[in-house]
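Q:
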Amino acid sequence: MKNSIIENTAMCRSIGLAQLALGKTYPNPMVGSVVMFENQCIGEGFHPKAGQPHAEVFAIRSAVQNVLPQSHIFVTLEPCAHFGKTPPCAVLIMDKKIPEVTIGTRDIHQKVNGKGIKMLEEKGITVHESHFNESCQELNKRFFTYHEKKRPYIILKWAQSADGFIDKNGKPFAISNGLVKQFVHTLRSHEHAIMVGKNTALNDNPSLTTRAVSGRNPTRIILDRKLEIPSHYTIMNDEAETMIINEVKDEVRGNIRFVQVQNIKNLQEVFEQLCSLEIQSVLIEGGNQLLTACIAQGFWDEAIVIKNHHLNLEKGTYAPKIEGTPVAKKAFRDNEVLFYQH
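Quick note: the sequence shown uses the numbering used here, first residue 1, plus one each step.
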């Protein structure tokens, strides 16, 4: 492709459009698309949620139809070539006689993975692979991790005091401030699922929802080997879909799904089971045993550590230890949030 300015403009816009659906497209990837004609945008769109039309469909629908045969479509992910809940986007592009396509990155899903490119090229359509490949893979890091590693994208999160405790004498204690609470609830809305261990569920009786912000509630996942959490606990209500990973039974009861595993301490088995249930990302919020086990066994992609530098708890449960230097830091009044990547 000759005009890098046009490519930069179109791909940046496509990525921005795709990000509008963060947390809403599971199990599908986020995708954005722009149609250009004579260096002007004449159509754009993004994939809003699974089962809805794909980004290319919205972009093409919004464009001036009679100039599509002289247009160039940009899309963050390789157009699909298979029939699913929606028809293949590659076929739509061919039907509209769009002569040129630029993709951000290839789709590694086994039903696509080069098939969309091949289908287009066999019809004489010019396909470019953009230098935005890395940015487009970062956009869908959850989707790519899920398909490449056969497990969800894993984010660890905890809050700790200045002296390194996550609770006070083993009892829940409010460490982070209201601004951080909003940040955490927004974070929850972006991820497919949220996970805690049995002890955290029993001690904190959390709701694990996004009640502090507008946004979808993630699927709640609890590790409860012997099914010890009482049915009247908040985490068992109907505010969100809930999975109980256990060693006792498989069962579906209302919005609660009991998922049996052989060994709940085998995190690889747990995450493989979640992969089989199409859980693409999971935010793990506690407790210390689960977080520490994930770190020790290498089952994490990001870690978010909230520090209250003005709070000393003196006694309690020590926070997990994580090696390395934060890739970013952000201040929320008297709280500091540290971001790590594995």
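Glycine included, every Cβ here is placed at the ideal spot set by N, Cα and C. As the structure is a prediction and not an experimental result, all values here were calculated from the model.
Determine, using beta carbons only, whether residue 280 and residue 152 come nearer to each other than 8 Å.
A: In this structure, residue 152 lies closer than 8 Å to residue 280 by Cβ.
Q: Can you list, in chain order, the residues of its chain whose CB lies under 8 Å from that of residue 213, leaving out five sequence neighbours each side?
A: Correct list, in chain order: 182, 185, 186, 189.
Q: Do you know how far the Cα of residue 234 is from the Cα of residue 158?
A: If I take the Cα positions, the gap works out to 20 Å.
Q: Spatial neighbours of residue 204 within its chain, please: C-beta separation below 7 Å, excluding the five flanking residues on both sides.
A: If we look at residue 204 and ignore the five residues flanking it on each side, its Cβ neighbours are 172.
Q: Under 8 Å, do residue 32 and residue 14 count as touching if we go by C-beta distance?
A: In this structure, residue 14 lies closer than 8 Å to residue 32 by Cβ.
Q: Please report the distance separating the alpha-carbon of residue 417 from that of residue 41.
A: For residue 417 there is no data in the structure shown, the boundaries of the chain being 1 and 342.
Q: Identify which residue in 4, 27, 17, 289 has its Cα closest to the Cα of residue 191.
A: The shortest C-alpha separation from residue 191 is found at 27.
Q: Which same chain residues, not among the five before or five after residue 176, have their C-beta less than 7 Å away from its C-beta?
A: These residues qualify, in order along the chain: 159, 306, 308, 335.
Q: Would DSSP call residue 272 helix, strand or coil?
A: In this structure, residue 272 counts as helix in the three-state DSSP scheme.
Q: Report yes if the C-beta distance between residue 166 and residue 298 is below 8 Å; otherwise report no.
A: Result no, Cβ atoms of residue 166 and residue 298 do not sit closer than 8 Å.
Q: Just the Cα atoms here: how many angstroms apart are residue 314 and residue 106?
A: Their Cα atoms are separated by approximately 51 Å.
Q: Return the first residue and the last residue of the alpha helix (DSSP H) that residue 336 is part of.
A: Taken as a continuous stretch (DSSP letters only), residue 336 belongs to no alpha helix (DSSP H), being part of the beta strand (DSSP E) at 335-341.
Q: If I measure Cβ to Cβ from residue 50 and keep anything under 8 Å in the same chain, skipping five residues before and after, which residues do I get?
A: Counting only Cβ-Cβ distances below 8 Å, and skipping sequence neighbours, we find 25, 26, 27, 28, 85.
Q: Just grab the DSSP bridge partners of residue 34 for me.
A: Partner(s): 44, 74.
Q: How big is the Cα-Cα spacing for residue 170 and residue 230?
A: Looking at the two C-alpha atoms, the distance is approximately 20 Å.
Q: Report, in whole angstroms, the separation of the C-beta atoms of residue 220 and residue 194, which I expect to be a contact under 8 Å.
A: At roughly 6 Å, the Cβ-Cβ gap stays under 8 Å, so residue 220 and residue 194 are in contact.
Q: Hey, would you say residue 247 sits closer than 8 Å to residue 261, going by beta carbons?
A: Yes. Within cutoff.
Q: Are the beta-carbon atoms of residue 58 and residue 46 separated by less than 8 Å?
A: Cβ atoms of residue 58 and residue 46: closer than 8 Å.
Q: Excluding the five sequence neighbours on either side, which residues of its own chain have a C-beta within less than 6 Å of the C-beta of residue 39, listed in chain order?
A: Answer for residue 39: 6, listed in chain order.
Q: Note down, in chain order, each residue of its chain lying with its Cβ closer than 8 Å to the Cβ of residue 210, except the 5 sequence neighbours on either side.
A: Excluding sequence neighbours, residue 210 sits near 185, 186, 188, 189, 216, 217, 218.
Q: What would DSSP say about residue 25, mapped onto helix, strand or coil?
A: Residue 25: coil per DSSP, three-state reduction.
Q: Is the Cβ-Cβ distance between residue 56 and residue 117 less than 8 Å?
A: Result no, Cβ atoms of residue 56 and residue 117 do not sit closer than 8 Å.
Q: Can you tell me whether residue 66 is buried or exposed, with buried defined as 16 or more other CB within 10 angstroms of its CB?
A: The residue in question, residue 66, is exposed, as its Cβ has fewer than 16 Cβ neighbours within 10 Å.
Q: In chain order, what residues of the same chain lie with their CB nearer than 6 Å to the CB of residue 300, ignoring the 5 residues before and after it?
A: Cβ within range, chain order: 154, 156, 294, 342.
Q: Please report how far the alpha carbon of residue 311 lies from the alpha carbon of residue 323, in whole angstroms.
A: If I take the Cα positions, the gap works out to 23 Å.
Q: Does the Cβ-Cβ distance between residue 256 and residue 225 come in under 8 Å?
A: No, they are not a contact pair.
Q: Just the C-alpha distance for residue 283 and residue 122, rounded to the nearest angstrom, thanks.
A: C-alpha separation (whole angstroms): 42 Å.
Q: From what residue to what residue does the beta strand (DSSP E) around residue 128 run?
A: Here the beta strand (DSSP E) through residue 128 covers 126-129.
Q: Apart from the five residues on each side of it in sequence, which residues of its chain come closer than 6 Å, Cβ to Cβ, to residue 278?
A: Closer than 6 Å at the Cβ level, and outside the excluded window around residue 278, lie 27.
Q: Short of 8 Å in beta carbon distance, which residues of its chain neighbour residue 16, apart from the five on each side in sequence? Order them along the chain.
A: Correct list, in chain order: 32.
Q: For the alpha helix (DSSP H) that residue 330 lies in, which residues bound it at each end?
A: Note, residue 330: premise wrong, no alpha helix (DSSP H); beta strand (DSSP E) at 328-332.
Q: Please report the Cβ distance between residue 125 and residue 100, rounded to the nearest whole angstrom; I am assuming they are in contact, meaning their Cβ atoms lie under 8 Å.
A: At roughly 7 Å, the Cβ-Cβ gap stays under 8 Å, so residue 125 and residue 100 are in contact.
Q: Identify which residue in 320, 339, 333, 319 has its Cα closest to the Cα of residue 327.
A: Among 320, 339, 333, 319, the Cα nearest to that of residue 327 is on 339.
Q: Which stretch, first to last residue, makes up the alpha helix (DSSP H) that contains residue 201?
A: It spans 198-204 - the alpha helix (DSSP H) in which residue 201 sits, taken as one unbroken run.
Q: CB residue 223 to CB residue 136, shorter than 8 Å?
A: Not in contact: residue 223 and residue 136 (Cβ atoms no closer than 8 Å).
Q: State the start and end residues of the unbroken beta strand (DSSP E) segment that holds residue 306.
A: It spans 302-308 - the beta strand (DSSP E) in which residue 306 sits, taken as one unbroken run.
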